[in-house]
Structures are given as C-alpha cells and as structure tokens.
Amino acid sequence: MVLIYHYHSQRCSSKLLPLSIRFRKKPLFATVLLTFALSAVFLFSSSDIEPNHFVDVDDGAEMDFDGFNNETGATNYIVPNIIHSIRFNMTEYSFVDYLCLRAAYLRQRPDYIYIHTDVANPGNGGFRGKYWDMIKLDKKLMSSIRFLPIELASEIFGQPLSRDWRVYHGSDIARIRTMMKYGGIYLDNDVLVLQNLDKYRRFEISMNWDEGDTLGSQVIVAHKNARFLSRWLDSYHDYRADIWYYNAGDLPVRSILNVHPELLHRVKGEFGADSKKSLKHFTEEGYEGWRKNDAIHLLVNHLYSVKPQDFKPLVFDEEMIQTYKFPFGQMAREVLAALNETKTTV
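Residue numbers (my numbering): 67 to 412.
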C-alpha cells in the first residue's frame with residue numbers, strides 16, 4: 067500500500083522509478099493473482115487518496131517557437147492540459163472560488179490542477195471552510211489536485227514591490243514564472259470557464275487583448291517556452307510600484323506586442339477581460355452577451371471599488387444565487403445544474 071500510494075501521489079513526476087516486483091519459484095497463477103490484487107487495490111483506493119502534501123511535477127517538453135505561426139497554430143495540442151491557480155494568504159474558499167474551480171474541472175477536464183499556495187498543509191487543514199469541504203466531496207476532482215509551494219515575492223530585479231499592492235503585483239509575477247516553468251492554463255480564482263479551452267492549446271500562447279485595450283492576464287493558455295513570457299518578465303526591469311496595472315497589462319502591450327504581435331495568439335473578448343462587460347453581469351438584467359465567451363473574469367474582488375454605487379455588500383451562496391436576477395445568477399445556476407446532473411449519472 068505504501069508503494070502504491072507513493073506511485074499515485076508522484077505519478078506526474080518524470081523522475082519516477084519503475085516499481086518492480088520479483089517473484090522467485092512462484093507459480094504463474096500466483097503471480098497473476100497477486101498482480102490483479104495490487105491493481106484492484108490501486109484502482110479502488112486512488113479516488114479516496116487526498117493530496118495532503120506538496121508534490122514535485124514534470125515540467126513538460128522543450129520547444130523552439132522561432133517562426134511559429136500564432137494565427138494558424140499547430141495541428142496538435144502543444145500546451146499541457148493543466149490548470150494553474152495561485153492563492154496567496156487565502157485559506158478559505160468562497161462560493162465564487164468554489165463555483166469557478168468546479169466549472170473549470172467540469173468543462174476543461176484537465177489532467178491535473180496545480181494549486182500554487184503559501185498556505186501550510188493546504189490539503190490537511192490549511193484550506194478550510196464550507197466550500198472547501200464541498201470541493202473535497204468530489205473525489206475525482208481531488209485526485210487531480212496537486213499542491214505546489216510558492217512564496218510571495220517581495221522584490222523584482224532588485225526593486226521592492228508595492229507595499230499596498232504586494233499580493234496583487236506578486237501574483238502577476240508568479241503567474242508569469244509559473245507558466246514559464248510548467249505551461250498550461252492559468253486562471254484567476256474568479257475566472258468562470260464557460261467552454262472547453264482546448265482550441266487554444268494549439269498555440270504558443272493565447273491571451274485576451276481587445277482592440278485598443280491592455281493585455282488581460284486573468285487567463286493565460288501557454289507553452290512554457292512561449293517567447294512572450296520571458297520578454298514579459300524581462301519588462302519588469304521597468305517596474306512601477308505606484309501604478310496598478312502598468313506591468314501586468316499596459317507595458318507588455320506598448321513595449322512588446324505593438325512591436326511583435328506575432329508572439330501572441332490574440333483573443334479579442336472571448337476570455338471576458340473587459341471590466342465594463344464584467345460589470346454588466348451584476349447590473350444589467352437580461353444581458354446575454356456573456357454566452358459567446360469561453361471564459362469570464364467575474365471581477366468579484368473589485369466590484370465595489372470599481373462602481374460602488376451599484377452594489378451593496380453581497381454574500382453569494384448556493385441558496386441566494388437561485389433567485390439572483392442578474393446574469394451571474396444564470397451562469398451559476400447552469401454550473402450547479404451540470405454538477406447535479408453529473409452526480410446522478412455517476
């Protein structure tokens with residue numbers, strides 16, 4: 067059992083040594099019977115194994131994208147089907163966090179979900195609360211989750227991060243470094259996946275870049291060797307601690323993409339990064355524009371600061387969302403209905 071558990075928890079590592087079991091002077095029938103028994107134990111116990119520890123992972127294959135066409139893309143998938151989430155100083159899952167994680171797993175069916183966090187023992191008491199407990203009930207989802215330790219940066223290229231915005235600017239840097247190490251699909255914790263994102267996995271890197279707008283860093287689908295990632299990180303030599311979205315969205319467009327647009331598969335709106343449209347999901351009853359998106363940045367952590375006159379403090383949960391009249395209510399109800407349907411078919 068110890069050997070089987072070790073294999074299961076480390077199966078995403080490229081350095082795993084094969085497990086060999088030698089039988090001496092044993093009849094063939096006994097060998098087959100024991101092999102079957104071991105396989106059965108692994109099969110039926112793996113869904114009950116909870117990832118209570120941090121693990122190391124394989125960082126994927128190297129690729130050279132010199133001359134790669136980000137308009138037509140590759141004929142096969144080149145981005146691993148791995149979802150990345152970053153949680154600094156966040157121990158409790160909200161209803162929105164819960165909904166977004168469940169929707170991403172339901173609609174993308176990733177091989178793994180990597181939760182990068184500085185919370186100690188996240189799977190064994192570090193993460194807590196009602197909605198984390200609800201997430202843990204989904205054994206298939208939990209078997210795909212891997213916790214990876216990460217530290218919140220205090221500086222970048224010798225420049226101290228903003229004291230007030232350290233978590234946010236640190237997260238911006240962490241997502242670039244994470245994608246450079248692993249590749250895959252990065253999602254902000256309040257990004258709701260509406261459609262499967264596999265069509266973007268054929269490109270070097272895909273991000274939301276609307277006409278005349280900044281770069282949307284809330285959704286990143288990229289190979290770890292994407293040329294834009296290293297240039298984006300290097301642009302932090304010009305770090306502005308006093309400007310909220312300068313390095314995450316403004317500077318990379320002005321200094322990199324306006325000069326080399328070929329480095330990016332440009333997504334115009336389908337990742338739902340437009341803050342004005344995001345507000346409509348909570349203010350405009352009957353708005354259906356969200357249905358053409360593949361994902362939406364809900365902006366729930368910024369609603370009250372962006373347009374406080376339209377919002378009263380709301381605590382979203384599975385009960386109040388049933389009668390919430392704005393578009394987010396419909397989005398949430400469709401996810402919950404799909405989850406319930408999945409339960410009945412298992």
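All C-beta atoms in this analysis are idealised placements derived from N, C-alpha and C, irrespective of residue type, glycine included. These figures come from a predicted structure and were not determined experimentally.
At what residues does the alpha helix (DSSP H) containing residue i begin and finish?
i, result
"V233", "R232 to Y248"
"A169", "F161 to Q174"
"S210", "K205 to S210"
"I201", "K196 to K202"
Check the C-beta distance from residue i over to residue j and give it rounded, since I have them as a contact under 8 Å.
i, j, result
"V319", "W275", "7 Å"
"H238", "S296", "Sequence inspection shows Asp at residue 238; the His mentioned does not correspond to that position. Between S296 and D238 the Cβ distance is about 15 Å, and since that is not below 8 Å, they are no contact."
"Y180", "Y266", "About 18 Å; that fails the 8 Å criterion."
"R293", "F131", "6 Å"
"L36", "I251", "Beyond the ends of the chain as shown, which are 67 and 412, falls residue 36; an answer cannot be given."
"S321", "N313", "Actually they are not in contact, since the Cβ atoms of S321 and N313 sit about 10 Å apart, beyond 8 Å."
"K391", "E351", "5 Å"
"V233", "L218", "7 Å"
"A361", "V285", "5 Å"
Based on DSSP bridge pairs, tell me the residues matched to residue i.
i, result
"V381", "Paired residues: none, contrary to the question."
"S151", "I181"
"Y46", "Since the displayed the chain opens at 67 and closes at 412, residue 46 lies outside it and no answer follows."
"L258", "I362"
"I222", "Q225"
"E128", "The partner list for E128 (beta bridge, DSSP) is empty, contrary to what the question assumes."
"E158", "R194"
The beta strand (DSSP E) that contains residue i, what's its start and end?
i, result
"S272", "I271 to W275"
"I216", "Per DSSP, I216 belongs to no beta strand (DSSP E) and is neither H nor E."
"V145", "Unbroken run through V145: none, as it is neither H nor E."
Original post:
Quick one: any contact between the stretch 149-166 and the stretch 126-141, if contact means 3 or more CB pairs under 8 Å?
Top reply: No, because fewer than three Cβ pairs between the stretch 149-166 and the stretch 126-141 fall closer than 8 Å, the two stretches do not touch.
**OP:** Pick out the complete beta strand (DSSP E) segments inside the stretch 277-353, 3 residues or longer, and give them in chain order.
**Re:** Unbroken beta strand (DSSP E) runs of no fewer than 3 residues, entirely contained in the stretch 277-353, are found at 281-288 and 331-333, following chain order.
**OP:** Give a yes or no on contact between the stretch 300-316 and the stretch 223-236, applying the rule of three or more CB pairs nearer than 8 Å.
**Re:** With a cut-off of 8 Å on Cβ pairs, the stretch 300-316 is in contact with the stretch 223-236, counting three or more such pairs.
**OP:** Flag this pair as touching only if the stretch 333-352 and the stretch 141-156 have three or more C-beta atom pairs under 8 Å; answer yes or no.
**Re:** No contact exists between the stretch 333-352 and the stretch 141-156.
Original post:
Looking at C-beta atoms only, is the number of pairs between the stretch 203-213 and the stretch 174-193 that lie closer than 8 Å three or more?
Top reply: Yes, the stretch 203-213 touches the stretch 174-193.
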